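Novice: My questions will all concern the structure given below.
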Amino acid sequence: MKLIKKCPVFVLLLSTGLLFTLIALGGKNTIYASQEYDPITTPLLSVMFTAANDEIYPWQMFLNQNTPVMAQGPDTDKMNPEETDSDGQGEIQENTSSGDADGIGEESETEAGEASDALDEGEKPEEKAQENTANMGLGAGAVGADALRSASESLKEEASFERLPPLRESTHEEYINHVSADIYGDAGVIRAASYPFGTVDDSYFDDALFIGDSRLVGLKEYTDLSEHADFCCETSLTIYKALEEKFSDIGTVPEALENKDYTKIYMMLGINELGRGTTEDFMAKYTEVVDTLRELEPDAKIIIMGIMHVSGQKSSSDAIFNNGNINARNNAIATLADNKNIFYIDVNEVVCDEEGNLNEEYTFDQIHLLGARNDLVKQFLLEHGVTE
Amino acid sequence: MVSFSSLEFLFRFLPVFLMIYFVVPNKLKDIVLLIGSIIFYAVGEPVFILALAAATLMNYWMGTKMWKLNEGFQLSDWQKKRRKRCMIEAVVLDVAILAAFKGLAIFVDNRLLPMGLSFYIFKMISYQVDTLRREIWSKPKFQQAALYFTMFPQVVSGPIMRYNEGGFDGKREYGLQQFEEGFKLFVIGLGMKVLLADRLAILWNDLQMIGFQSISTPLAWFGAFGYSLRLYFDFWGYSLMASGLMVMLGFDFIENFDHPYASRSISEFYRRWHMTLGNWFRDYVYIPLGGSRCRKGRLIFNLAIVWLLTGIWHGNGLNYVIWGAVLGLLIILEKLFYGKILNKVPVLGNIYLLAVIPLTWVIFAITDLQQLGIYFGRLFPLTGGAGIAVNQQDIIKYSQNYSVYFIAGILLCIPAVSEFYKKHRNHPVIIMALVFIFWLSIYFLSSSAGNPFMYLNF
Numbered sequence: 001m002k003l004i005k006k007c008p009v010f011v012l013l014l015s016t017g018l019l020f021t022l023i024a025l026g027g028k029n030t031i032y033a034s035q036e037y038d039p040i041t042t043p044l045l046s047v048m049f050t051a052a053n054d055e056i057y058p059w060q061m062f063l064n065q066n067t068p069v070m071a072q073g074p075d076t077d078k079m080n081p082e083e084t085d086s087d088g089q090g091e092i093q094e095n096t097s098s099g100d101a102d103g104i105g106e107e108s109e110t111e112a113g114e115a116s117d118a119l120d121e122g123e124k125p126e127e128k129a130q131e132n133t134a135n136m137g138l139g140a141g142a143v144g145a146d147a148l149r150s151a152s153e154s155l156k157e158e159a160s161f162e163r164l165p166p167l168r169e170s171t172h173e174e175y176i177n178h179v180s181a182d183i184y185g186d187a188g189v190i191r192a193a194s195y196p197f198g199t200v201d202d203s204y205f206d207d208a209l210f211i212g213d214s215r216l217v218g219l220k221e222y223t224d225l226s227e228h229a230d231f232c233c234e235t236s237l238t239i240y241k242a243l244e245e246k247f248s249d250i251g252t253v254p255e256a257l258e259n260k261d262y263t264k265i266y267m268m269l270g271i272n273e274l275g276r277g278t279t280e281d282f283m284a285k286y287t288e289v290v291d292t293l294r295e296l297e298p299d300a301k302i303i304i305m306g307i308m309h310v311s312g313q314k315s316s317s318d319a320i321f322n323n324g325n326i327n328a329r330n331n332a333i334a335t336l337a338d339n340k341n342i343f344y345i346d347v348n349e350v351v352c353d354e355e356g357n358l359n360e361e362y363t364f365d366q367i368h369l370l371g372a373r374n375d376l377v378k379q380f381l382l383e384h385g386v387t388e
Numbered sequence: 001m002v003s004f005s006s007l008e009f010l011f012r013f014l015p016v017f018l019m020i021y022f023v024v025p026n027k028l029k030d031i032v033l034l035i036g037s038i039i040f041y042a043v044g045e046p047v048f049i050l051a052l053a054a055a056t057l058m059n060y061w062m063g064t065k066m067w068k069l070n071e072g073f074q075l076s077d078w079q080k081k082r083r084k085r086c087m088i089e090a091v092v093l094d095v096a097i098l099a100a101f102k103g104l105a106i107f108v109d110n111r112l113l114p115m116g117l118s119f120y121i122f123k124m125i126s127y128q129v130d131t132l133r134r135e136i137w138s139k140p141k142f143q144q145a146a147l148y149f150t151m152f153p154q155v156v157s158g159p160i161m162r163y164n165e166g167g168f169d170g171k172r173e174y175g176l177q178q179f180e181e182g183f184k185l186f187v188i189g190l191g192m193k194v195l196l197a198d199r200l201a202i203l204w205n206d207l208q209m210i211g212f213q214s215i216s217t218p219l220a221w222f223g224a225f226g227y228s229l230r231l232y233f234d235f236w237g238y239s240l241m242a243s244g245l246m247v248m249l250g251f252d253f254i255e256n257f258d259h260p261y262a263s264r265s266i267s268e269f270y271r272r273w274h275m276t277l278g279n280w281f282r283d284y285v286y287i288p289l290g291g292s293r294c295r296k297g298r299l300i301f302n303l304a305i306v307w308l309l310t311g312i313w314h315g316n317g318l319n320y321v322i323w324g325a326v327l328g329l330l331i332i333l334e335k336l337f338y339g340k341i342l343n344k345v346p347v348l349g350n351i352y353l354l355a356v357i358p359l360t361w362v363i364f365a366i367t368d369l370q371q372l373g374i375y376f377g378r379l380f381p382l383t384g385g386a387g388i389a390v391n392q393q394d395i396i397k398y399s400q401n402y403s404v405y406f407i408a409g410i411l412l413c414i415p416a417v418s419e420f421y422k423k424h425r426n427h428p429v430i431i432m433a434l435v436f437i438f439w440l441s442i443y444f445l446s447s448s449a450g451n452p453f454m455y456l457n458f
């Protein structure tokens, strides 16, 4: 009693600290299972805060008790980013159902992958890439791989390139070390590059929409492209939130697509997602978003922009934000390009040095282009118009 | 661990240390604090702990030589002379150590500068001079002097306290209330550092990311003010944490900042900013040179010396020298010409200070002189600093993103706000606010792993 009277702040902090530790302890194997923490340097209670940062709150411990999804190993962890994100969007889906929905989504994705694996057995991707490049009209063969996606089936039929299957699965080791596995190889990139992009002028972007993270925010704010195109871009945007996020002047992406007929949709997302889930997780969500965009705006060309590299200094010193991981994910999303409705371009061609790292003269923080250097990206886009 | 605003310090070192410190009997507390300080420093600097140890031994030994010449009711001339020679030898050695490491850092590798060196060397010089001046009243035991030099709350970034500011004679007072007061100061300092300084640091990082050549003039000024606030709360926050810890351990509070941004001249500003450093230069450089009670020419010389040294002390770049020189020049001009006007006309002084100080901080902030030139070009575009790819609307975005930190920061710059806190510091609302500030800080520290820039998403 005397203690609390004389040291109220200290006593309150001690007791709240104790409470937080108990909460962290209680959720250790459930809601906090995926939070990394180093017991030597950090207190246990910090997982409560890191989780809150991922929008996982203590009370979910009780809400999620009857869903066993959290109970086992890496698969459950993988789901966390998605689940958290849908939790953040309370109005759209309820907590419990969102968990289930994601589960199903992921399952079907895996099945789709397996199905296509089976289909392509014995056929080497390189061969297939060549074959496809030679035969742009081929379309019917693509149906099998994505048959489970009934919603986008019709789209696939007219596609000239089928979506390539992964060559292998991410390993558990890659997952726990935050290594984005290069499970697709560069077949998709090579195939996408075969499209003869043309030179266009600024007015080409009058009906273009850009979806992206801070790297495209730079393009918006430091070039005159924003006088022509619209931007659904925001710092820290991820593919998981791309369709739900409300952008200050233009609303959500679906709203923007409803309000104006765009014929080009550019998207550069993926750096914030590094270190989160596996290449498969990222790819599943990315595919879903691209397909949804196609559904919402069937007449628009979708131009997937490869994730811009980081500088060599950053790449060699960061376990997560490095160019190896970026390339792995670029190789994945490039396979979505069919060179008819969906295209893949890689701005790294103009912003990187000979070693393929973001040119250090173009950046201060080793990640973003300096304001004045965004013009490089604009010029690149002008030279990579979809003109046919 | 060496940063007070790290989870490792807050939840590992500090609780263990405090528990041992308060469990052992009073006469062992000095030893516990000394060992704790050695561990604290050695974790941060496993090699340079040797430099600290060597400097400590040397300074204690040199000081002891002076004490041996202290006998008799009145010192005779030969004693005075020899004592003075001892002091000069010690100070020259200290300065040589500082200069040698600084030289290594500038010309060889930045990592060769031991942590906190400029702070503990200044304490050592102060110890020697105070011994000579007989301002240390009884001969310190080795353990006490070592504690003064190496004490972990102060060893990294000050405040540069004096030996005679109490507490080293083993007669400290411990009490729950004193502990609580110190703890509160620590929490406030932590909040300033984590919730204000670290957030505002991101603004400066943003400007660098854009590139100074592409920021609009309003944003350049906004950035300069933001940097001024950030630096203030970084350092004031750190000083409050350090002094808060000292109070918790039974020492007196050492004031290091007294609302400098409410000053009305540059000279007043530096009597209220990093006060222990300013006082150090006053007592050990400026006054020995003759102070202000001398001819005008001499006064200018004295001020120039003090401010050049201040500039050099702060960092290894040429920009720090320019920064010190500009401040010295402004202070000389104030002393000779317009200082009295600034003091007489209300508000004028405040406006002058708030316009000039942020500009001097820009010099302090940008080590690359070419970049510094570009930034000033953006601040004053009429002087020919045309930008490249400038987004004229950028200020809207950044003022929206950072206004909350600016408002909180500006409020804390007002002396009346501190008075209000002092008056009502035991009010339940204030107590709850402190608890909230603490956990909010921990939230930021947890989710950014101690690096504010980690908190950035791209």
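First to last, the protein sequences are chains A and B.
Per UniProt numbering, residue 1 is the first one in the first sequence, and the count goes up by one each step.
Per UniProt numbering, residue 1 is the first one in the second sequence, and the count goes up by one each step.
All C-beta atoms in this analysis are idealised placements derived from N, C-alpha and C, irrespective of residue type, glycine included.
All figures in this text were calculated on a predicted structure; none of them were measured in a lab.
Chain A partners of W439(B), CB-CB under 9 Å?
Specialist: L13, T16, G17, F20 and F49
Novice: In terms of residue numbering, what span does the beta strand (DSSP E) encompassing C233(A) cover?
Specialist: D230 to C233
Novice: If the criterion is Cβ atoms closer than 8 Å, does the pair K171(B) and Y148(B) meet it?
Specialist: no
Novice: Is the Cβ of K423(B) closer than 8 Å to any Cβ of chain A?
Specialist: no
Novice: Does the segment 339–355 of chain B come close enough to the segment 375–385 of chain B to have 3 or more Cβ pairs within less than 8 Å?
Specialist: No: the two stretches stay apart, fewer than three of their Cβ pairs being nearer than 8 Å.
Novice: What does the alpha-carbon distance come out to for the pair L33(B) and A99(B)?
Specialist: 29 Å
Novice: Output the distance between the C-alpha atoms of Y60(B) and K68(B), rounded to the nearest integer angstrom.
Specialist: 12 Å
Novice: From the beta carbon of D318(A), is the nearest beta carbon of chain B less than 8 Å away?
Specialist: no
Novice: Can you pull the DSSP bridge partners for Y344(A)?
Specialist: I304(A).
Novice: Could you pull out every unbroken alpha helix (DSSP H) segment of at least 4 residues lying fully inside the UniProt domain "SGNH hydrolase-type esterase" (263–369) of chain A, listed in chain order?
Specialist: 279–296, 312–317, 323–334 and 348–351
Novice: Let me know if W137(B) comes out buried or exposed under the rule of 16 or more other beta-carbons within 10 Å of its beta-carbon.
Specialist: exposed
Novice: Kindly give me the distance between the Cβ atoms of A208(A) and A229(A), rounded to whole angstroms, as I take these residues to be in contact under 8 Å.
Specialist: 4 Å
Novice: Looking at C-alpha atoms only, which residue of R295(B), D258(B), Y402(B) and V435(B) is the closest neighbour of E419(B)?
Specialist: Checking every option, the nearest Cα to that of E419(B) belongs to D258(B).
Novice: Please confirm if Y375(B) has its CB atom under 8 Å from at least one CB of chain A.
Specialist: no
Novice: Distance check for T279(A) and A187(A), CA to CA, integer angstroms please.
Specialist: C-alpha separation (whole angstroms): 16 Å.
Novice: Interface residues of chain B around R215(A) at Cβ under 8 Å?
Specialist: F458
Novice: Pick out whichever of L309(B), F212(B) and Q154(B) has its Cα sitting closest to the Cα of V95(B).
Specialist: L309(B)
Novice: Kindly indicate the opening and closing residues of the beta strand (DSSP E) around A365(B).
Specialist: Here A365(B) belongs to no beta strand (DSSP E); instead the alpha helix (DSSP H) covers L348 to A365.
Novice: Work out the CA separation of A224(B) and Y320(B) for me, nearest whole Å.
Specialist: 16 Å
Novice: Is D365(A) near N359(A), with beta carbons less than 8 Å apart?
Specialist: no
Novice: I'd like to know whether the C-beta of I210(B) is nearer than 8 Å to at least one C-beta of chain A.
Specialist: yes
Novice: Kindly indicate the opening and closing residues of the beta strand (DSSP E) around G324(B).
Specialist: Per DSSP, G324(B) belongs to no beta strand (DSSP E); it is in the alpha helix (DSSP H), L318 to L333.
Novice: Shorter than 8 Å from the beta carbon of S447(B) to some beta carbon of chain A?
Specialist: Output row for S447(B): interface = yes.
Novice: A208(A) by DSSP, collapsed to three states: which one?
Specialist: strand
Novice: Could you tell me which chain A residues have their CB closer than 8 Å to the CB of S214(B), listed as they occur along the chain?
Specialist: Within chain A, the residues whose beta carbon sits less than 8 Å from that of S214(B) are Y222, L370, G371 and A372, listed in sequence order.
Novice: Just checking: is the beta-carbon of L327(A) within a distance shorter than 8 Å of some beta-carbon in chain B?
Specialist: The residue asked about is misnamed: residue 327(A) is Asn in this sequence, not Leu. Judged by the 8 Å Cβ criterion, N327(A) is not in contact with chain B.
Novice: Can a CB atom of chain B be found closer than 8 Å to the CB of I367(A)?
Specialist: Yes, contact with chain B.
Novice: With A416(B) as the anchor, note down where its alpha helix (DSSP H) starts and where it stops.
Specialist: In this chain, the alpha helix (DSSP H) harbouring A416(B) covers P415 to H424.
Novice: Report the three-state DSSP secondary structure of F247(A) (helix, strand or coil).
Specialist: strand
Novice: Give the list of continuous beta strand (DSSP E) stretches no shorter than 3 residues that lie fully inside the segment 241–290 of chain B.
Specialist: Counting only unbroken stretches of 3 or more residues, no beta strand (DSSP E) element lies wholly within the segment 241–290 of chain B.
Novice: Using a Cβ-Cβ cutoff of 9 Å, what residues of the segment 170–189 of chain B are near chain A? List them in chain order.
Specialist: Taking 9 Å as the Cβ-Cβ cut-off against chain A, the residues of the segment 170–189 of chain B that qualify are G175, L176, Q177, F179, E180, F183, K184 and V187.
Novice: Could you check what DSSP says for G116(B) in three-state terms: helix, strand or coil?
Specialist: Looking at G116(B) - three-state DSSP - the assignment turns out to be coil, as it is neither helix nor strand.
Novice: Applying the criterion that 16 or more other CB atoms from any shown protein chain within 10 Å of the CB defines a buried residue, is W78(B) buried or exposed?
Specialist: exposed
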